[in-house]
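Peer 1: One structure is given below, represented as structure tokens, and several questions about it will come after.
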Amino acid sequence: MPIIDKFKDMGTVVMGKVESGTMHEGDSLLVMPNKAQVKALAIYCDEDKAIRAGPGENLQVKLSGFEEEDILSGFVLCSVGKCFKDCKN
Numbered sequence: 414m415p416i417i418d419k420f421k422d423m424g425t426v427v428m429g430k431v432e433s434g435t436m437h438e439g440d441s442l443l444v445m446p447n448k449a450q451v452k453a454l455a456i457y458c459d460e461d462k463a464i465r466a467g468p469g470e471n472l473q474v475k476l477s478g479f480e481e482e483d484i485l486s487g488f489v490l491c492s493v494g495k496c497f498k499d500c501k502n
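Per the numbering used here, the sequence shown starts with residue 414, numbered consecutively.
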């Protein structure tokens with residue numbers, strides 16, 4: 414899920430649209446390109462709390478293990494083990 418925005422609301426919350434796969438509450442995820450491991454504490458879809466989300470859904474995901482100021486728009490949230498390989502020019 415590409416991260417398009419972020420904010421702090423009793424923790425770090427990121428916003429974006431799921432491009433592929435599914436995300437479940439409690440999943441261990443990676444924030445790329447930092448390779449920081451985080452946990453999805455809560456998932457919100459259209460302001461409603463959700464247990465899981467799939468492709469095409471616009472989400473707000475509350476994360477633990479990462480500070481809001483360390484995330485930039487364009488970072489990607491992905492599953493541990495199913496993440497893309499980063500490249501260098």
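Every residue, glycine too, gets a C-beta built ideally from N, C-alpha and C.
Being a predicted model, the structure only gives us computed values, none of them experimental.
Going by C-alpha distance, which of 461, 479, 480, 482 is nearest residue 472?
Peer 2: Answer by Cα proximity: 461.
Peer 1: Between which two residues does the beta strand (DSSP E) harbouring residue 429 extend?
Peer 2: Counting along the chain, the beta strand (DSSP E) containing residue 429 begins and ends at 425-430.
Peer 1: Could you please give me the residues that DSSP links to residue 471 through a beta bridge?
Peer 2: Looking at the DSSP assignment, residue 471 forms a beta bridge with 430.
Peer 1: With DSSP collapsed to three states, give me the class of residue 483.
Peer 2: Looking at residue 483 - three-state DSSP - the assignment turns out to be helix.
Peer 1: Check each candidate in 433, 436, 490 and name the one with the smallest Cα separation from residue 418.
Peer 2: Checked all of 433, 436, 490; the closest Cα to residue 418 is 490.
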